[in-house]
Every structure is written in structure tokens, then in C-alpha cells.
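A.B. asks:
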Amino acid sequence: MSDSYFFDLPKINPDQLSPAVWAYIGDAVYELFVRHQLITGGPDKTKNLHHKAVSKVRASFQAGLVNKMHSFLKESELEIIKRGRNVKSGHVPAGSDPITYRYSTAFEALIGYLYLKEDYARLMEVLQKTAELGDYD
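Structure representation (C-alpha cells):
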């Protein structure tokens, strides 16, 4: 096994998956990015890191990012956002409303799609933009 396990994962064509699956993996990728950003900000108690992370991964925050990033995104990425927004969810988490949750799912779908497409350069551009807009300190 290689030292860089994450880069040796089997290639998956995201176009053969549903937007719900893009959002599923995008949720994990985005949370890892947020946590990494937080620990690079200097030492802090894990309790504080957790509270900061939760504030950045909640649906309302992610939905706000979609609106702020609209002009930054490419036309193809806006189409992914649209497809992610139209995912039918069986439930909406407490503390959220259906529209906010749909935009949050759309954001996660974009992150997941770029990750699965292995377009890491663009993924990092998008994630760095979220850091600029979201004040991850």
C-alpha cells in the first residue's frame, strides 16, 4: 500500500452517480477541509474547534456560500449546483428549512463532484473561496 492512500483510491466517474451521492461525499470532503483550516489557525481546545467546525458545516452557512459564490462558479458548476439543489431528501434536519437544506445539498454536491472528478485544482480554488467568504478563523 502506498503512503498516500487517499490518492490511490479507485477512480470513480461522478457522471455515473446521482447528485445525492455527490453531496454524500462532498459533505465529508468539506468537513475535512473546514477542520484542517481550523487546526492551521493555531492551538485551540478540541471543544472550541468542534463548535467552530459545526458553525461552518451547518446548512444555513453552506447555503449562504452558494449565494455568495454564484459569480465565481463556472457554468458547468452552476449546473451541478442546480442538480444538487433538486435532490429530493426524505427529511430536513432540525434547525433548517427545506430551501436552505436544498442549497446546502447543492453546495455539497459541487464539492463531491469536483472531488470524484479528481479536479483537485478547481476543488481547492472553490474551497479556498469558501474560506475567504466564510472567515474560518
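Here the sequence shown is numbered in my numbering, starting from 618 and rising by one per residue. Glycine is no exception: its CB is placed at the ideal position from the N, C-alpha and C atoms. Quick caveat: nothing in here was measured; it's all calculated off a predicted structure.
If you run the structure through DSSP and keep just helix, strand and coil, what is residue 722?
C.D. replies: helix
A.B. asks: For a test of the three-state rule: what should DSSP assign to residue 626, helix, strand or coil?
C.D. replies: coil
A.B. asks: Can you round the beta-carbon distance between residue 731 and residue 743 to whole angstroms, since I take them to be within the 8 Å contact cut?
C.D. replies: At roughly 7 Å, the Cβ-Cβ gap stays under 8 Å, so residue 731 and residue 743 are in contact.
A.B. asks: With DSSP collapsed to three states, give me the class of residue 643.
C.D. replies: helix
A.B. asks: When the Cα atoms are used, what is the spatial distance from residue 663 to residue 671?
C.D. replies: 12 Å
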